[in-house]
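Enquirer: Protein chains in written order, with our numbering: chain D, 1 to 456; chain P, 1 to 456.
1) For residue 346 (chain D), which residues does DSSP report across the bridge?
2) Just tell me which of D:421, D:389, D:381 and D:284 has its CA closest to the CA of residue 28 (chain D).
3) Which chain D residues are close to residue 147 (chain P), counting only those with a beta carbon under 8 Å from its beta carbon?
4) Would you mind reading off the limits of the alpha helix (DSSP H) that contains residue 380 (chain P)?
5) Is there a Cβ of chain P sitting closer than 9 Å to that of residue 378 (chain D), yes or no?
6) Who are the near neighbours of residue 30 (chain D) in its chain, counting only those whose CB is closer than 6 Å to its CB and skipping five residues on each side?
7) Residue 306 (chain P) CB to nearest chain D CB: under 9 Å?
8) Is residue 415 (chain P) buried or exposed, if buried means 16 or more other CB atoms sit within 10 Å of its CB?
9) If you reduce the DSSP assignment to three classes, tell me which class residue 88 (chain P) lands in.
10) Report yes if the CB atom of residue 248 (chain D) is closer than 9 Å to the CB atom of residue 63 (chain D), and no otherwise.
11) Would you mind giving the Cβ-Cβ distance between residue 151 (chain D) and residue 109 (chain D), rounded to the nearest angstrom? I have them listed as a contact below 8 Å.
12) Which one of D:114, D:154 and D:11 has the shortest CA to CA distance from residue 74 (chain D)?
13) For residue 481 (chain D), name the three-state secondary structure that DSSP assigns.
14) Is there at least one Cβ from chain D nearer than 9 Å to residue 132 (chain P)'s Cβ?
15) Among residues of its own chain, excluding the 5 on either side of residue 41 (chain P), which ones have a beta-carbon nearer than 6 Å to its beta-carbon?
16) Confirm the yes/no value for this check: CB of residue 308 (chain P), any heavy atom of the ligand COA, distance under 8 Å.
17) Buried or exposed for residue 410 (chain D), going by 16 or more other Cβ atoms inside 10 Å?
18) Can you check which of these residues, P:145, P:390 and P:204, is closest to residue 266 (chain P) by C-alpha distance?
19) Going along the chain, which residues of the stretch 12-41 of chain P sit with their C-beta nearer than 8 Å to a C-beta in chain D?
20) Does the distance from the C-beta atom of residue 439 (chain D) to that of residue 295 (chain D) stay below 9 Å?
21) According to DSSP, simplified to helix, strand and coil, what is residue 442 (chain D)?
22) Locate the beta strand (DSSP E) running through residue 293 (chain D), then write down its first and last residues.
23) Find out if the Cβ-Cβ distance for the pair residue 260 (chain D), residue 273 (chain D) is shorter than 9 Å.
24) Since residue 118 (chain D) and residue 242 (chain D) should fall inside the 8 Å C-beta cutoff, what is the C-beta to C-beta distance between them, to a whole number of angstroms?
25) Residues in its own chain within less than 7 Å of residue 196 (chain P) by CB, not counting five upstream and five downstream?
26) Using only CA atoms, which one of P:362, P:96 and P:33 lies nearest to residue 402 (chain P)?
27) With a cut-off of 9 Å, does the C-beta of residue 318 (chain D) fall near any C-beta of chain P?
28) So, does the stretch 342-358 of chain D touch the stretch 371-379 of chain D, judging by three or more C-beta pairs under 8 Å?
29) Please report the distance separating the alpha-carbon of residue 20 (chain D) from that of residue 276 (chain D).
30) Taking the Cβ atom as the reference point for each residue, do residue 469 (chain D) and residue 455 (chain D) lie within a distance shorter than 9 Å?
31) Would residue 232 (chain D) and residue 271 (chain D) qualify as a contact pair, given that the criterion is a beta-carbon distance under 9 Å?
32) What is the DSSP secondary structure of residue 10 (chain D), counted as helix, strand or coil?
33) For the beta strand (DSSP E) containing residue 164 (chain D), list its first residue and its last residue.
34) Compute the Euclidean distance between the alpha carbons of residue 49 (chain D) and residue 228 (chain D), then round it to the nearest angstrom.
35) Just the Cα atoms here: how many angstroms apart are residue 90 (chain D) and residue 428 (chain D)?
36) Using a Cβ-Cβ cut-off of less than 9 Å, list which residues of the stretch 177-200 of chain P approach chain D; keep chain order.
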């Protein structure tokens, strides 16, 4: 018997690329709690951030403007891969035998393979415009480092990436990608920095950590007047840049003649969730729309579902400002799951504020469940998703099955934040039954939360 | 100083997906010489191919119809990634400081990352329709094997891939990709077949070869009444399926308000060259258009530039029909360059006929030259090209520089057949100066040509 397959994408033209990002700050029901200078305990002022960020990004970080114009120069580069397509997942619906409609926005079409260039490009742009010559950053598995290397190559900026040693050795492909785009990649801890040399002296065999790599990248930027630092998630301006995803998706849902009952995205630092969800959160806040917003996190790092809303550091080394956010404590070390991008102890302050105001929900799933959903998706829809994105798929699948149970024609939209071409070893582990589920105990969470600084 | 960057893509809608493939056979100035049954020496009849191909593909192989309807079921699946974008390479033009305009058609947007699914999908479709349960094929680096695995997963066909042993061990990612889509991958030579067991008995440490893998895949298909064999290049129907690239590109060039003076593509077996070039060859033959068609091959495997037009076998084991084509001799073994997809001793009979009728040209470049061009391209345009595709880029760059020398506003169109995300080790080798250029001697070519069968 011959089975007919159905694929459908909703495409926008280049002229439909949004001309402004959406900043949710002025629309938040409860005003955002300011980040604090860890030295003085007082709210951050622009000068605190000036050594490591360009002024325009600092302004955006603190802006109360609802719409932030996207510079023409940035739109011109967005044209390389944007607008990204919105797909209706007919085949997945069929396999789940659900009355729900499933749509997904696909951000894996960027040259780096994920949503990260959406913010890497404007960050490189503003730095270049303010005369910066070099950007430094950290990277784990390499998604962010390669996105910034790409952006740097486009603007003629030097990019220096501190890549966690264990990933540097185990994941050579992302490193090669960064180098192909001209990025300089160092295994962290390195001999380039005081902090790196200290870490090596303490333990020559240290596997490194994101915490160490952040400190190295910040140290280099702070000491070099021609260099600044760039971060790929968590911060307000990063979440704002990513809203281009949701703004496009709203137009495309309109083309499809639907409006989502629920918007789903995976959650690590928060930028891809914010990117697709905030434009719909605006509808919820301003127009009273009933759309639900669901963040899906790994059971191994349940920041939103089991963390605490508190002031905490963004890094392990306690160098960053204190941010009001959901956190598992800056000393919490998540297990080594394949979704490297979701292994973060905190959540973006903007996402945390939306969560605290009960405008969104969060759920957590084990990685084997997520890979099972990702495998089903790959065989139905043809795209092999990034491990991080399988969490969004799992969330969407659960919504579709719940709709089936309740006989509802639920409209589900999820963000497929990236492809898994560089993560096939994880699928190999899954197929071979080698993937471990989290054995996270409440005691480990309690232990992590003990590291919270004593600030009300 | 701030440098403004420019990117532009020409997008077609789903409704613009072509509804017929272009078959160049009836338009060839000199009729195609028939392939021969190696046993009888007589022209092939459909029955000769029936054990290994479905009847509809055999019909297409021999068809004199100019347009072959694309089944609706195939168009529905093409919608997964087609129409593919056409880009104007403004940044590359700027770096080359050329008055030429450079356009490229990008086929790396398919889930498998190259143009191969354009034919994998219809091949799987026709097999499924004729009741076939299993497809067998060979693969080198894995581009074709993963495309067929994807197509098989979409139609519920079992796919069995014989992957050259040395690649099976060295390139695990493509293997994992095939498995994620449900393909069964065997290291070739394997114990599954008589021929494989014979090869292993003769040399337990053999690295395998494409020749051996073809023989294994054909043997399995020939012996199993529920199985057929699928080939990813060379054959007429494969070239015909790929013309969807050029048909779309023509519409997109029209949108851009240009018509190419020259069309460039890399050349291995011939399918991606045929795909973009044949629709323009039709304009040349039927409308007297002056467009030049340039195939770019590796200096290590100069089939069109140094081969001979003769009847030869498609495989090393002398199992296939005899085809009239440019060939270096079926015993010619090209050096192990990174462009695995261009390491083929022959050329598609259709491309060979177009070449013999002087409707096209061919050039050959060394791999270091090609990677240099690919690196420039990646840093200008953001996409990291497959090693095979860097040959097309090198060809286009040479055309642009020649136009500059002559002060011509030449319009150049090339086919970027795939991305290089799985080939980053090759870029790493290039950056480290480890890539070797070909040391191919004329004596090696003469030696290869001695293996030509004695047929006029």
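Note that CB positions come from ideal geometry on N, CA and C, so glycine has one too.
On a predicted model such as this, the values are computed, not experimentally measured, just so you know.
Expert: The structure says:
1) Under DSSP, residue 346 (chain D) shares a beta bridge with D:327.
2) The shortest Cα separation from residue 28 (chain D) among D:421, D:389, D:381 and D:284 belongs to D:284.
3) Residues of chain D with a Cβ closer than 8 Å to the Cβ of residue 147 (chain P) do not exist; the shortest Cβ-Cβ separation is about 11 Å.
4) The continuous alpha helix (DSSP H) containing residue 380 (chain P) extends over residues 367-381.
5) By the rule that beta-carbons nearer than 9 Å mark a contact, residue 378 (chain D) touches chain P.
6) Hits under 6 Å: 357.
7) Contact with chain D is absent for residue 306 (chain P), since none of that chain's Cβ atoms lies less than 9 Å from the residue's Cβ.
8) When all chains shown are included, residue 415 (chain P) counts as buried.
9) Under the three-state reduction of DSSP output, residue 88 (chain P) falls in the strand class.
10) No, Cβ-Cβ distance for residue 248 (chain D) and residue 63 (chain D) is not below 9 Å.
11) Residue 151 (chain D) to residue 109 (chain D), Cβ: 16 Å. No contact.
12) Closest by C-alpha distance to residue 74 (chain D), out of D:114, D:154 and D:11, is D:154.
13) Residue numbering for chain D in the displayed model covers 1 to 456; residue 481 (chain D) lies beyond these limits and cannot be assessed.
14) By this cut-off, residue 132 (chain P) is not an interface position.
15) Nothing meets the Cβ criterion.
16) Among the components of this structure there are no ligands whatsoever, and the ligand COA is therefore not found.
17) Buried is the call here.
18) The shortest C-alpha separation from residue 266 (chain P) is found at P:390.
19) With the criterion set as a beta carbon lying under 8 Å from some beta carbon of chain D, the members of the stretch 12-41 of chain P are 13 and 14, in sequence order.
20) No, these two residues do not count as a Cβ contact at 9 Å.
21) Three-state DSSP puts residue 442 (chain D) in a helix.
22) Per DSSP, the unbroken beta strand (DSSP E) holding residue 293 (chain D) starts and ends at 292-298.
23) No, they are not a contact pair.
24) Confirmed, Cβ separation roughly 5 Å.
25) Excluding five sequence positions before and after residue 196 (chain P), the CB atoms of its chain that fall closer than 7 Å to its own CB belong to 188, 189, 190 and 216, given in chain order.
26) It is P:96 whose Cα lies nearest to the Cα of residue 402 (chain P).
27) With 9 Å as the cut-off, residue 318 (chain D) does not count as an interface residue toward chain P.
28) Here the stretch 342-358 of chain D does not lie against the stretch 371-379 of chain D, with fewer than 3 beta-carbon pairs under 8 Å apart.
29) Spanning the two alpha carbons is a distance of roughly 15 Å.
30) Here chain D covers residues 1 to 456 and nothing more, so residue 469 (chain D) does not appear.
31) Yes, they are a contact pair.
32) Strand at residue 10 (chain D).
33) Segment 158-164, the beta strand (DSSP E) holding residue 164 (chain D).
34) Going by the C-alpha atoms only, they are around 10 Å apart.
35) The C-alpha of residue 90 (chain D) lies about 26 Å from the C-alpha of residue 428 (chain D).
36) Contacts with chain D (Cβ-Cβ distance below 9 Å) from the stretch 177-200 of chain P involve 177, 179, 180, 181 and 182, listed in chain order.
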